[in-house]
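Visitor: Residue numbers (our numbering): 25 to 479.
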Amino acid sequence: MQYLFILPGLISLYYVIRGQQAKAFLNVYLPCTFLMPMYYAVRIPHLPVLSAGDFALLPLGISLLIHPMVKWRFRRMDLWLLIFVTGYAISEVTRDYSPKDGMSLWLQDGFVEIFLGYVVGRQVIEPGLRLETIKRLIFLFMCQTPLALFEFRFGQNPWLNVANNIFGIHPGWFVQLRGGTARIATCFSGAIVAGMMFMIAAALNYYLVQIYKLDKSRLGPWMSKLQKYKLPFFLLPMFVFMTGSRMPLACTVLEFLLLQIPRFKSLRTGLIVILLLVAIGGGAVYSYFERYTSVSEDQVTDEAQSSAIYRKQLLVNYAPILEAGGWLGWGSLNPPLVIGQSSIDNGYMLVQLAQGKLGEYTFELMQLESVLALALCVARFKSKESQFLVFSLLGALIGLYVSLSTVGLGEQTPQVLFLLLGWSQSLQDTQILGARASAADALPEPKFRFKRVIA
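1. Exposed or buried, what is Tyr-253 when buried is set at 16 or more other beta-carbons lying within 10 Å of its beta-carbon?
2. Apart from the five residues just before and just after Asp-133, which ones in its own chain have a Cβ nearer than 7 Å to its Cβ?
3. Leu-503 to Tyr-231, Cα distance in whole Å?
4. Using three-state DSSP, classify Val-144 as helix, strand or coil.
5. Would you kindly report the start and end of the unbroken alpha helix (DSSP H) that includes Leu-82?
6. Which residue from Met-390, Ala-46 and Leu-428 puts its Cα closest to that of Pro-272?
7. To the nearest angstrom, how far is the alpha carbon of Glu-409 from that of Ile-235?
8. I'd like the list of long-range same chain contacts for Leu-89, defined as Cβ closer than 7 Å, with 5 residues on each side in sequence excluded.
9. Just to confirm my understanding: we take Glu-452, look at its own chain, exclude 5 residues before and 5 after, and list those with CB closer than 7 Å. What are they?
10. Could you tell me the boundaries of the beta strand (DSSP E) in which Ala-209 lies?
11. CA-CA distance, Tyr-53 and Tyr-316?
12. Spatial neighbours of Ile-456 within its chain, please: CB distance less than 7 Å, with the 5 preceding and 5 following residues excluded, ordered by chain position.
13. Going by beta-carbon coordinates alone, are Arg-335 and Thr-430 separated by less than 8 Å?
14. Would you mind stating whether Ile-208 and Ala-172 have Cβ atoms separated by less than 8 Å?
15. Quick check on DSSP: helix, strand or coil for Leu-201?
16. Drop a sphere of 10 angstroms on the beta-carbon of Asp-326, count the other beta-carbons inside from all chains shown, and report buried for 16 or more, exposed for fewer.
17. Checking the sheet assignment: what are the DSSP bridge partners for Val-362?
18. In terms of residues, what are the limits of the beta strand (DSSP E) holding Ala-65?
19. With DSSP collapsed to three states, give me the class of Val-73.
20. When we look at the beta-carbon of Tyr-372 and count the other beta-carbons within 10 Å, is it buried (16 or more) or exposed?
21. Closest to Pro-72 by CA distance: which of Leu-295, Met-127, Pro-92 and Leu-392 is it?
22. How would you label Phe-4, buried or exposed, when you count the other beta carbons within 10 angstroms and need 16 or more for buried?
23. Determine the DSSP secondary structure at Leu-457, reduced to helix, strand or coil.
24. Comparing the C-beta of Leu-424 with each C-beta of chain D, is any distance below 8 Å?
25. Would you please state the rounded distance, in angstroms, between the beta carbons of Arg-284 and Gly-111? I believe it to be under 8 Å.
26. Note down, in chain order, each residue of its chain lying with its Cβ closer than 6 Å to the Cβ of Gly-179, except the 5 sequence neighbours on either side.
27. Report the three-state DSSP secondary structure of Ser-427 (helix, strand or coil).
28. Can you grab the Cα-Cα spacing for the pair Ile-86 / Leu-140, in whole Å?
29. Give me the Cα-Cα distance between Ile-363 and Tyr-342, rounded to the nearest whole angstrom.
30. At which residues does the alpha helix (DSSP H) containing Gly-307 begin and terminate?
If you want it as structure tokens, here you go:
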């Protein structure tokens with residue numbers, strides 16, 4: 025039964041052979057990534073374990089490496105990515121007890137999900153597929169609505185039930201409870217990862233909200249109805265809340281503030297106002313967090329406070345191990361662990377633990393590069409619509425960067441992160457030409473027309 029997960033790869037390959045990479049991306053890769061969990065996977069002999077989304081990505085990404093859809097223009101981000109992926113491979117080969125298993129992990133995570141995810145983000149979406157990509161993403165998230173409500177109400181994950189009872193897959197996780205209610209995970213194999221994915225979708229939906237205001241017909245009948253009743257606008261933040269994940273919920277608020285900047289008449293004024301609000305709010309949250317986590321164990325009131333204290337102690341207890349890892353780290357499979365703190369809920373710490381200072385520094389460089397590239401797009405783009413897209417991506421990425429301080433880079437997160445990073449490097453202000461054309465078409469007809477006559 026598990027070999028059914030190879031089928032998306034075959035369908036994607038069919039589209040690629042026919043030169044229809046856009047269909048492979050929209051109709052195969054995105055549904056498999058955002059509707060199927062990563063544990064819907066199979067291992068073919070002599071290959072790493074690949075999920076249905078991985079199989080769909082593989083032919084698409086390789087075809088774009090061989091025959092790019094658009095001319096490849098070198099960016100600094102490409103260099104940081106190559107250093108990051110190469111350092112990842114070296115760490116797995118030289119530091120893991122089993123280099124063979126380390127390379128298998130790198131092929132799945134480093135090459136397929138990170139490198140090919142970035143290539144697809146660079147090549148497929150811009151300039152003509154941006155609207156269809158976001159429409160398809162929001163539609164896929166809306167398809168999860170009944171199953172998410174079922175999971176929240178009954179505490180059972182439908183994807184997990186199918187995996188256990190039909191495919192015989194036992195991924196080793198369960199639906200968590202917090203405050204007497206279930207923390208929904210839907211197809212993302214964990215509540216906090218689900219919170220980050222819903223948070224990203226909420227940021228991207230902002231672009232559709234603005235398109236709906238400008239021209240309802242561009243969204244098509246189904247998406248226009250969803251935007252008319254503001255269903256994604258209300259449901260996506262509600263789903264973040266239903267995950268019971270505090271950091272993604274706080275980052276959703278942060279996204280909302282950042283997305284108010286382009287609504288100001290002056291972007292500079294908007295930037296100053298919002299950054300002041302974020303600075304004041306961030307200072308207040310940090311002060312509260314310090315008081316919240318500076319209590320003894322006998323004063324802990326609930327699981328949420330205990331979890332927050334645990335994450336704070338991680339930074340102190342793992343500092344000597346991270347320093348001893350040097351530039352290449354300890355590898356992903358057998359790093360030294362602190363007794364009682366084997367679960368490392370910090371993406372940045374996990375990167376440094378596995379890949380050392382080289383991996384951590386290049387990871388942070390890629391983040392800075394993406395923010396810088398999007399900031400330059402804001403300054404350069406003239407179209408208001410393109411600016412809304414830039415701020416949507418900026419909100420999604422900044423929210424993700426902050427959230428990674430409380431969760432590892434796992435499940436769909438690497439693919440989604442590097443897909444967005446690739447997208448951030450290929451943005452174009454395409455609406456300028458369209459605006460000029462429409463303005464020319466809108467000119468009034470002359471009262472008198474010259475006619476060609478035969479003398």
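All residues carry an ideal CB built from backbone N, CA and C; glycine is no exception.
Computed from a prediction, not measured in an experiment: that's the story for all the values here.
Guide: Taking the geometry as given:
1. exposed
2. Pro-438
3. No answer is possible for residue 503: it lies beyond the span of the chain, which begins at 25 and ends at 479.
4. helix
5. 76-90
6. Leu-428
7. 7 Å
8. Val-143
9. A quick correction: the sequence has Gln, not Glu, at residue 452. Only Glu-150 and Pro-151 meet the Cβ criterion.
10. Per DSSP, Ala-209 belongs to no beta strand (DSSP E) and is neither H nor E.
11. 42 Å
12. Here Ile-456 scores only 46 on pLDDT, less than 50, and its place in the model is too uncertain to base an answer on.
13. yes
14. yes
15. strand
16. exposed
17. Gln-365
18. 65-67
19. strand
20. buried
21. Met-127
22. The requested residue 4 does not occur in the structure, where the chain is confined to residues 25 to 479.
23. With a pLDDT of only 39 at Leu-457, under 50, the local geometry of the prediction cannot be trusted, and the value read off the model is given with reservation. Looking at Leu-457 - three-state DSSP - the assignment turns out to be helix.
24. The chain labelled as chain D is not found in the depicted structure, where only one protein chain is given.
25. Checking the displayed sequence, the identity of residue 284 turns out to be Gln instead of Arg. 38 Å between Cβ atoms; not a contact.
26. Val-199 and Ala-206
27. helix
28. 7 Å
29. 11 Å
30. 291-317
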